[in-house]
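Colleague:
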Amino acid sequence: PDTRGGAEIMSRSLRQNLRNRGIDARLLTAGADTAPEQDSPDYLCGGGTGTMRALSEVWNFRAARKLRAILKEFQPDLVHLMMFATALSPSVLRELKSVPVMHTVLTYREICPSGLRWLPGRGRCDAEVGKACYRQGCFTRVSAVPRLIQHKVLNRLRSSIDQSVALSEPMKQLLQAHGWEVDGVQELAVETVVRQAPMAETPTIAYAGRLENEKGIDWFLQAVAHAGPALAHVRIDIFGDGHARTELQRMSDSLGLGGQVTYHGHLPQQALQSELDRAWVQVVPSLWPEPFGMVVIEAMSRGTPVIVADTGTPPTLIQDGVSGWIVPAGDVAAFATALRSSVADRETARQIGENARKSFEARSSMSDYMDTLIDRYNQLVR
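Count the sequence shown with the numbering used here and you get residues 100 to 481, in order.
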């Protein structure tokens, strides 16, 4: 199946939008690519897997060699970096000293070896990179070593980056608080997602994304159980996959939700959107400080209200009680209350969803986003 995440989809969308404007944009990625053939990268280089991955992320010789050849053959006016540290590694920065470089920061990898700035079960991490990375339990002492080396190499070569751009003001503040200077903020835009199917007759709550601990799905399930009979008639659809799936399925059963919750796994994008059309509300219960929250504005575009935790950027995208609901991260009772409100009746869900759609339409369009981005490119090239 196509298991690409938000960053992968975003990079291909950007390439296509640039090509639509007559710009010869090409994409280099590392590792196995699950994209359909017509959406595959222009260049592919090897990356480490298994136990070798951590070492490859410190210095990927194959990525550096491949990029060197591309620069010689393609001779781009500018290079736009996205999630390069995780697979291409900081090695590519050494090859970019003679070409303008823009960097869109998509995670916190620049200031955190895990990329999350989050301590499982304890909330946001405010420690600096170093011994805390294994003392707090994020890594073992041995597995922390290559990540800490990568962090040092990344900072040593960061002068190759001419402009770093964050996805939101909260993200910028967090990056700068831990030493990564940000030159600007440019929020992401998505194409309008048009609802193709009506809301389901049965009240339906949907989650779409990775099934990982930081995503707060366990908190969501606990809130459903806490609501008791008020949500007993509600259908819950969970789309996506990840390391926590088996644990979450066991939790669903232990909480007595086995008959309500369906784990669909990965679905093709079109099929996923069709399923999400039918949801009365979508939940984004992330406990880590999400850098942006593409899934939030996609839901708003569709006219689906969203419940988000008060961490990271998502709570800045909606108005509490008007275009969605904001709940304190980890507060089971507050989440249960929001869930009850969201499916109390069809008309309320429809009206909040309509408010969300109008809020989305007031945002910058994809065309505006591309205009601003190309202006940034031109300034760097000049």
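Backbone N, C-alpha and C fix where the C-beta goes; we use that ideal spot for every residue, glycine too.
If you check the beta carbons only, do Gln-42 and Gln-381 fall under 9 Å apart?
Modeller: What is shown of the chain runs 100 to 481, which leaves residue 42 out entirely.
Colleague: Can you tell which of Arg-240, Leu-195, Ala-162, Arg-221 has the C-alpha that lies nearest to the C-alpha of Pro-212?
Modeller: Arg-240
Colleague: How many Å lie between Ser-385 and Tyr-207 at the Cα?
Modeller: Here the C-alpha atom of Ser-385 lies approximately 15 Å from the C-alpha atom of Tyr-207.
Colleague: Exposed or buried, what is Asn-159 when buried is set at 16 or more other beta-carbons lying within 10 Å of its beta-carbon?
Modeller: Asn-159 is buried by the Cβ-count criterion.
Colleague: Do Val-289 and Met-465 have their C-beta atoms closer together than 9 Å?
Modeller: yes
Colleague: For Arg-377, which residues of its own chain have a beta-carbon under 7 Å away from its beta-carbon, when the five flanking residues on both sides are left out?
Modeller: Taken in chain order, the residues that qualify are Ala-296, Met-298, Ala-299, Thr-303.
Colleague: Which residue wins for smallest C-alpha separation from Phe-391, given the options Thr-415, Leu-472, Leu-438, Trp-379?
Modeller: Thr-415
Colleague: Between the alpha carbons of Gly-327 and Thr-403, how many angstroms are there, rounded?
Modeller: 24 Å
Colleague: Let's test the definition: count the other Cβ atoms within 10 Å of the Cβ of Asp-123 and tell me whether it reaches 16, buried, or not, exposed.
Modeller: exposed
Colleague: Closer than 8 Å is the cut-off here; do at least three beta carbon pairs connect the region 216 to 233 with the region 160 to 168?
Modeller: The region 216 to 233 and the region 160 to 168 do not touch, with fewer than 3 CB-CB distances between them shorter than 8 Å.
Colleague: To the nearest angstrom, how far is the alpha carbon of Gln-275 from that of Asp-444?
Modeller: 44 Å
Colleague: Identify every run of the alpha helix (DSSP H) within the region 199 to 242, keeping only runs that are complete inside it and at least 4 residues long; order them along the chain.
Modeller: 231 to 234
Colleague: Grouping DSSP H, G and I as helix and E and B as strand, with all else coil, what is Ser-463?
Modeller: In the structure shown, Ser-463 sits in coil (DSSP, three-state: anything other than H, G, I, E or B).
Colleague: Where DSSP assigns a beta bridge to Ile-304, which residues make up the other side?
Modeller: Beta bridge pairing from DSSP links Ile-304 with Ile-335, Val-380.
Colleague: Please confirm whether Leu-308 and Gly-339 have their CB atoms less than 9 Å apart.
Modeller: Per the sequence presented here, residue 308 reads as Gly, with Leu not at that position. Yes, the Cβ-Cβ distance between Gly-308 and Gly-339 is below 9 Å.
Colleague: Could you say if the region 404 to 414 and the region 258 to 270 meet the contact criterion of at least three C-beta pairs nearer than 8 Å?
Modeller: yes
Colleague: Just to confirm my understanding: we take Phe-319, look at its own chain, exclude 5 residues before and 5 after, and list those with CB closer than 8 Å. What are they?
Modeller: Tyr-306, Val-382, Pro-384, Phe-434
Colleague: Give me the residue from Thr-301, Ala-370, Ser-422, Val-442 with the minimum Cα distance to Ala-452.
Modeller: Per the sequence presented here, residue 452 reads as Gly, with Ala not at that position. Of the listed residues, the one whose Cα sits closest to Gly-452 is Ser-422.
Colleague: Just to confirm, are Leu-479 and Val-200 a CB contact at a threshold of 9 Å?
Modeller: yes
Colleague: For the alpha helix (DSSP H) containing Val-178, name the first residue and the last one.
Modeller: Run containing Val-178: none in the alpha helix (DSSP H); it sits in the beta strand (DSSP E), 178 to 180.
Colleague: Pair every Cβ in the region 342 to 352 with every Cβ in the region 251 to 265, then say whether three or more of these pairs are closer than 8 Å.
Modeller: no
Colleague: DSSP three-state label for Asp-132, please.
Modeller: Its pLDDT being 49, under 50, Asp-132 is placed unreliably by the model, and nothing is read from it.
Colleague: Do you know offhand how far Asp-132's Cα is from Asp-419's?
Modeller: Residue placement at Asp-132 is poorly supported in this model, since its pLDDT is 49, which falls under 50; the coordinates still yield a value, given next. Straight-line Cα distance between these residues: approximately 39 Å.
Colleague: Measuring CB atoms only, is the region 183 to 197 touching the region 247 to 257, in the sense that at least three cross pairs come out at less than 8 Å?
Modeller: Yes, the region 183 to 197 is in contact with the region 247 to 257.
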